[in-house]
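In our numbering, the protein residues as written are 1 to 134.
No residue lacks a Cβ here, since even glycine has one placed at the ideal position from N, Cα and C.
Worksheet for the structure shown next.
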Amino acid sequence: MNKKSVKETLKKPITQLVQGQRTFGEKSADGLARMAGSWGFIIFFLVFLGIWMAINVYGWISSWDPYPFILLNLVLSCLAAIQAPIILMSQNRQAKKDHGKLEYDYQVNRKAEREIEAIQKQLNRIEKRLIGKK
Numbered sequence: 001m002n003k004k005s006v007k008e009t010l011k012k013p014i015t016q017l018v019q020g021q022r023t024f025g026e027k028s029a030d031g032l033a034r035m036a037g038s039w040g041f042i043i044f045f046l047v048f049l050g051i052w053m054a055i056n057v058y059g060w061i062s063s064w065d066p067y068p069f070i071l072l073n074l075v076l077s078c079l080a081a082i083q084a085p086i087i088l089m090s091q092n093r094q095a096k097k098d099h100g101k102l103e104y105d106y107q108v109n110r111k112a113e114r115e116i117e118a119i120q121k122q123l124n125r126i127e128k129r130l131i132g133k134k
């Protein structure tokens, strides 16, 4: 029987194995995607848009972007153009993490299967000895 247990296979936490050495860009993309996908960001952005429009419609301060909000449209378009690739990069990283976790789980399951087979063989030998003694 193989003396190594499944616990020895799990020497490192799965997060260390999956994440490995991430580059600054990968860490940044993950952080930005996590932030941009939060309720806090959505609420902040809605408040920001409301304030922008209110200031420019009611003119409490000098109106720098009148009603059709061309400047706001430009800002939102630029934000979308920057956010989309960042979110895609983060999704690619998540896909790599998921693949790593699947591979890790597969290896652990294969090791457990081999150990169970070895235990079953040993039980069969013990059973044969006990039957032979009767």
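Starting from residue i and walking both ways along the alpha helix (DSSP H), at which residues does that stretch end?
i, result
"F44", "39 to 58"
"P85", "70 to 133"
"D30", "24 to 36"
If you measure between the beta carbons of residue i and residue j, is that distance less than 9 Å?
i, j, result
"K86", "A33", "Just to set this straight, residue 86 is Ile in the shown sequence, not Lys. For I86 and A33, yes; Cβs fall inside 9 Å."
"G89", "A29", "The sequence as given places Met at residue 89; Gly does not occur at that position. Their beta carbons are under 9 Å apart, which means M89 touches A29 by this criterion."
"F41", "W52", "no"
So residue i and residue j are in contact, right, with Cβ under 8 Å, and what is the actual spacing, rounded?
i, j, result
"N56", "S63", "5 Å"
"R93", "E26", "6 Å"
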